[in-house]
Amino acid sequence: MIRSELIQKIADENPHLYQRDVERIVNTIFEEIIESMARGDRVELRGFGAFSVKKRDARLGRNPRTGESVPVEEKHVPFFKTGKLLRDRLND
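Per our numbering, residue 1 is the first one in the sequence shown, and the count goes up by one each step.
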């Protein structure tokens, strides 16, 4: 499912809401998640899962074409851990 499909599904299930309002709500939720993660905060949606940021230390990598050692800088990557309810529904 992509963002536009999510917006359409919510709008279809809630005919009392205008589609532009649903779109604004969905975009606001995603923006808040992104902003929280950019600050390094953890975002938890009970039953669904938790978004967090993990730090990957600098390391020495290897260029696969030449085999030469290449320094790889430290970076932060998004991480998602599923909640129990989601995990249970996927595995039933």
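Positions of the beta carbon are idealized from the N, C-alpha and C atoms, including for glycine.
- In summary, valine 22 is buried, with 16 or more beta-carbon neighbours lying within 10 Å of its beta-carbon over all protein chains present.
- According to the DSSP assignment, glutamate 44 belongs to no alpha helix (DSSP H) but to the beta strand (DSSP E) extending over 43-45.
- Taken through DSSP and simplified to helix, strand or coil, arginine 59 comes out as strand.
- Going by beta carbons, lysine 81 and glycine 47 fall outside the 8 Å limit.
- Per DSSP, phenylalanine 48 is not a residue of any alpha helix (DSSP H), being assigned neither H nor E.
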